[in-house]
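Read in order, the letters of the sequence shown are residues 69 to 350 in this note's numbering.
A short worksheet on the structure shown next.
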Amino acid sequence: MRVATRVVLLSSLLAGCASGPLQPVTPPSAPSAPARAVPELRPGVPAGYLGRALPDSLALLPPPPAKGSPAFARDQAVSRASQKLRGTPRYALASSDADLRFPHVAGTFACALGVPISQQDTPRLYLLLQRSMVDAGLATYAAKDHYKRTRPFVYYKEATCAPADEAALRTDGSYPSGHTAIGWTWALLLTELSPDQADALLARGRAFGENRLICNAHWQSDVLQGRAVAAGALARLHADADFSSDMAAARAEISGLRGSSVPASGCEAEAAALKQVIPGVE
């Protein structure tokens, strides 16, 4: 898959495959840094920080488990176990996590962070999440395009938790998981911004990736290696000046909002859902 095609696919996920208006990209100002122009993938969808300076997931990762191998048998066992959670609150959370559209996805870590996350409340954090999503997602494609691994819902001729996305997912390689790379990148950078919430943030990031198992969209090895791509992407991001500027501004926003209310009902429901774990996943 060429870079331009990858960008179109990822920007469609960012902007929303379903109906819903794009959120305009208006570079926010903050006391720590002046407003600046932000490049866009297409109108309303900000580009990442790294451009072509992405980690090479094909060089970084081992091949996915071969069919018939013990490792693939493990993937199959976890896949079948994960489907036992269909119809549960955890499945509902997995369905919500499958939606990468902004502003919806921006609130994924709000409960774990203890601070509301939105374009209005935390504009620089919001932009940081948008742009780092692009880098983490695109960083998976060297391996995705090379291995073209079949996803479990295709392998088993089943459905996912996001039927509207299935046509695109059928031609998008399963290994490694882009959702996991995005969620783990966010969990790691948010832990840097708010270390007192590290345990909750990392647990939510792990669940975000494992929800792809519950959605029948990925194998466990896809998820595990998605975290490796996230670590590589974040290491590269720390060498980017704009990323560092946005991190500093986001840290100030979080500090200023510490103690602000996050909807209690939503957080209680999320906590209850996260207590439901996939059998056999350690």
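All residues carry an ideal CB built from backbone N, CA and C; glycine is no exception.
Identify the residues that DSSP records as bridge partners of residue i: which are they?
i: V113; result: R110
Is it true that the CB of residue j sits closer than 8 Å to the CB of residue i?
i: Q241; j: Y224; result: The sequence given here places Gly at residue 241; Gln does not occur at that position. No, Cβ-Cβ distance for G241 and Y224 is not below 8 Å.
i: G294; j: T239; result: no
i: L281; j: A211; result: no
i: D167; j: Q288; result: no
i: I250; j: A299; result: no
i: N279; j: L161; result: yes
i: F177; j: L269; result: yes
i: C283; j: T228; result: yes
i: S245; j: D290; result: yes
i: G334; j: A145; result: no
i: P132; j: A341; result: no
i: V330; j: G182; result: yes
i: S323; j: P184; result: no
i: H247; j: G273; result: no
i: A174; j: Y194; result: yes
I need the DSSP call for residue i, collapsed to helix, strand or coil.
i: F221; result: helix
i: A180; result: helix
i: P263; result: helix
i: W287; result: coil
i: R199; result: helix
i: D233; result: helix
i: R140; result: Inspection of the sequence shows that residue 140 is occupied by Phe rather than by Arg. Of the three classes helix, strand and coil, the one that applies to F140 here is helix, per DSSP.
i: A211; result: helix
i: R274; result: helix
i: L152; result: Per the sequence presented here, residue 152 reads as Lys, with Leu not at that position. Correct three-state label for K152: helix.
i: I250; result: helix
i: Q91; result: Low per-residue confidence applies at Q91: pLDDT is 37, beneath 50, and the placement is therefore not dependable enough to give any value.
i: H306; result: coil
i: F311; result: helix
i: G84; result: Bear in mind that the predicted position of G84 carries a pLDDT of just 44, short of 50, making it too unreliable to give a figure here.
i: I322; result: helix
i: V71; result: Low confidence applies here, because V71 scores a pLDDT of 48, under 50, leaving its location unreliable and the question unanswered by this model.
i: D124; result: coil
i: E361; result: As shown, the chain starts at 69 and ends at 350. That puts residue 361 outside it, with no answer to give.
Per the contact definition of three or more C-beta pairs closer than 8 Å, is the stretch 300-308 in contact with the stretch 109-123? With a cut-off of 8 Å, the stretch 300-308 and the stretch 109-123 count as touching, because enough Cβ pairs lie within range.
Is it a yes or a no for the stretch 248-267 touching the stretch 312-323, going by three-plus beta-carbon pairs under 8 Å? Judged by Cβ distances under 8 Å, the stretch 248-267 makes contact with the stretch 312-323, as three or more pairs qualify.
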